[in-house]
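Colleague: Residue numbers (our numbering): 3 to 213.
1. Cβ of residue 47 within 8 Å of Cβ of residue 188?
2. Which partner residues of residue 184 appear in the DSSP bridge assignment?
3. Roughly how many angstroms lie between the CA atoms of residue 134 and residue 154, to the nearest whole one?
4. For residue 215 and residue 105, what's the separation of their Cα atoms in angstroms?
5. Which term fits residue 40, buried or exposed, when burial requires 16 or more other beta carbons within 10 angstroms of its beta carbon?
6. For residue 154, report the span of its beta strand (DSSP E) as first-last.
7. Output the boundary residues of the alpha helix (DSSP H) element that contains residue 198.
8. Cutting at 6 Å between CB atoms, please list the residues of its own chain near residue 184, excluding the five before and the five after it.
9. Is the distance from the Cβ of residue 57 to the Cβ of residue 85 below 8 Å?
10. Tell me the DSSP secondary structure of residue 193 in three-state form.
11. Less than 8 Å separating the beta-carbons of residue 121 and residue 143?
12. Applying the 10 Å Cβ sphere with the 16-neighbour rule, what's the burial state of residue 61?
13. Using a 10 Å radius around the Cβ and a threshold of 16 neighbouring Cβ atoms, would you call residue 168 buried or exposed?
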């Protein structure tokens, strides 16, 4: 089973897209199509879903009011991702950020709070291995929730698309925390007139073929 999952992640990782572009004063270029979540290879398994720690919005979108406080925006993004994962990929048992936080709180000093981990480092398109000490932190916390694999939203950018709408760019990676191998990486994108519609559509693109 483990070999099958590792092979599935490795194959998808070979064709997955790189990290997202940084917001700037000009419209971002057209975005590549997202690679689907490799749920076939992890069906029936527990997978830890880490919280988002990096959210950046291009100033020219003027979405500050729509997003609200930064901490609240991060929490809302986590909520959207978690709800859609559970709804659209029920073949996987997703251990969502709230479960990871509770596990860390029960072992203070031994487990790192997932909100304080440097998971945003994984957004780099050339990174194929989780660096230490992040790897050790993730291995310990992921094991507590009986998982070997972790899905990490490494960054969420809202940029201005050529169409004039805002575009969500959600960089996701999936890694085997025992080996540190990043086997899957993609950037899920979608355009809309508001950030949360754009993000919801971007997440839906990860499981194509559903309404």
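Just so you know, even glycine gets a beta-carbon here, dropped at the ideal spot from N, CA and C.
Modeller: In this structure, then:
1. Taking a C-beta distance under 8 Å as the contact criterion, residue 47 and residue 188 do not qualify as a contact pair.
2. According to DSSP, residue 184 bridges with 177.
3. Each residue's alpha carbon lies about 16 Å from the other.
4. Any question about residue 215 goes unanswered here, given that the chain covers just 3 to 213.
5. Flag for residue 40 reads buried.
6. Looking at the DSSP string, the run of the beta strand (DSSP E) that includes residue 154 is 151-162.
7. First-last of the alpha helix (DSSP H) with residue 198: 197-206.
8. Excluding residues within five positions, the ones whose Cβ falls inside 6 Å are 130, 175 and 177.
9. Taking 8 Å as the Cβ cut-off, residue 57 and residue 85 do not qualify as a contacting pair.
10. In this structure, residue 193 counts as strand in the three-state DSSP scheme.
11. No; because the gap between Cβ atoms is not below 8 Å, this pair is not in contact.
12. Residue 61 should be labelled exposed.
13. Buried.
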